[in-house]
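Below is one structure, written out as structure tokens, with a few remarks after it.
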């Protein structure tokens, strides 16, 4: 897993946390103030996401931003 | 501190870790493959840094990427 690139790991973590609170990509996008397709792209590691958007997603998923980079549960 | 925005907190953390290993912004930039002025801008919270560049900086500072978002020591 360590070899996976950061976008792949981050995307998987967002999906894991989103599914944990049982919301759709659309709902995560809506609550974060981001576009629905953007969330899909982040989860599929197609976006080089910025720190501001990382923070928006962390807030919506109600986790500390550092938790989004804890990949032990993937 | 919680009220500081993420760019400010992140910039301070990079500076703290850079100073801990006693290297200049120029050296951090060189080792990370980033531009010297870019590192200065990140530390001054003038950049909305991307996840790829966050990872480059974490690697150079030899910390897990999550550690860059641990602001307890600021």
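Chains as they are written, first to last, in UniProt numbering: chain A, 1 to 74; chain B, 1 to 74.
All C-beta atoms, glycine included, are put in the ideal place defined by N, C-alpha and C.
Since this is a predicted model, take the numbers as computed values, not measurements.
Between residue 34 of chain A and residue 11 of chain B, what straight-line distance do the alpha-carbon atoms span, to the nearest angstrom? If you number the first chain from 1, residue 34 of chain A lands on position 34. If you number the second chain from 1, residue 11 of chain B lands on position 11. Approximately 24 Å between the Cα atoms of the pair.
For the alpha helix (DSSP H) containing residue 47 of chain A, name the first residue and the last one. In the first chain, residue 47 of chain A corresponds to position 47, counting from 1. Segment: none, residue 47 of chain A is in no alpha helix (DSSP H) and carries neither H nor E.
6 Å Cβ shell around residue 43 of chain B - same chain, five flanking residues per side excluded: In the second chain, counting from the first residue as 1, residue 43 of chain B sits at position 43. Taken in chain order, the residues that qualify are 11, 14, 15.
Cβ neighbours of residue 26 of chain A in the same chain (closer than 7 Å, five flanking residues each side left out): Mapped onto the first chain, residue 26 of chain A falls at position 26. Within the same chain, residue 26 of chain A has close Cβ partners 36.
Through-space distance from residue 22 of chain A to residue 9 of chain B, alpha-carbon basis: In the second chain, residue 9 of chain B corresponds to position 9, counting from 1. In the first chain, residue 22 of chain A corresponds to position 22, counting from 1. When rounded, the distance between both Cα atoms is 30 Å.
Residue 62 of chain A: buried (16+ other C-beta within 10 angstroms of its C-beta) or exposed? Mapped onto the first chain, residue 62 of chain A falls at position 62. Exposed is the label assigned to residue 62 of chain A, since fewer than 16 other Cβ atoms lie within 10 Å of its Cβ.
Let's see if you can read the secondary structure: which residues bound the alpha helix (DSSP H) around residue 32 of chain A? For the purposes of this step, residue 32 of chain A is identified with residue 32 of the first chain, where counting begins at 1. That run of the alpha helix (DSSP H) goes 25-32.
Would you mind telling me which residues of chain B sit closer than 8 Å to residue 52 of chain A, beta carbon to beta carbon, in chain order? Here residue 52 of chain A refers to the residue found at position 52 of the first chain. The answer, in chain order, is 6, 7, 48.
Start-to-end residues for the alpha helix (DSSP H) that takes in residue 65 of chain B: Translated into positions along the second chain, residue 65 of chain B becomes position 65. Per DSSP, residue 65 of chain B lies in no alpha helix (DSSP H) and is assigned neither H nor E.
Measuring only between beta-carbons, confirm whether residue 35 of chain A sits less than 9 Å from chain B. Residue 35 of chain A sits at position 35 when you count from the first residue of the first chain. Judged by the 9 Å Cβ criterion, residue 35 of chain A is not in contact with chain B.
Taking only the alpha-carbon atoms, compute the straight-line gap between residue 56 of chain B and residue 32 of chain B and give it to the nearest angstrom. Residue numbering aside, residue 56 of chain B sits at position 56 when the second chain is read from its first letter. Residue numbering aside, residue 32 of chain B sits at position 32 when the second chain is read from its first letter. Going from the Cα of residue 56 of chain B to the Cα of residue 32 of chain B covers about 5 Å.
How many whole angstroms separate the CB atoms of residue 51 of chain B and residue 68 of chain B, which I take to be in contact at a CB cut-off of 8 Å? Residue mapping note: residue 51 of chain B aligns to position 51 of the second chain, counting from 1. Residue mapping note: residue 68 of chain B aligns to position 68 of the second chain, counting from 1. Actually they are not in contact, since the Cβ atoms of residue 51 of chain B and residue 68 of chain B sit about 11 Å apart, beyond 8 Å.
Residue interval of the alpha helix (DSSP H) (run including residue 71 of chain B): On the second chain, residue 71 of chain B is found 71 positions in, with the first residue counted as 1. If you look at residue 71 of chain B, you'll find it isn't in any alpha helix (DSSP H); DSSP assigns it neither H nor E.
Say whether chain B places a C-beta atom closer than 9 Å to the C-beta of residue 66 of chain A. Taking the first chain and counting its residues from 1, one reaches residue 66 of chain A at position 66. Proximity of residue 66 of chain A to chain B, defined by a Cβ-Cβ separation below 9 Å, is satisfied.
May I ask you to report which of helix, strand or coil DSSP gives residue 19 of chain A? For the purposes of this step, residue 19 of chain A is identified with residue 19 of the first chain, where counting begins at 1. If DSSP states are grouped into helix, strand and coil, residue 19 of chain A belongs with the helices.
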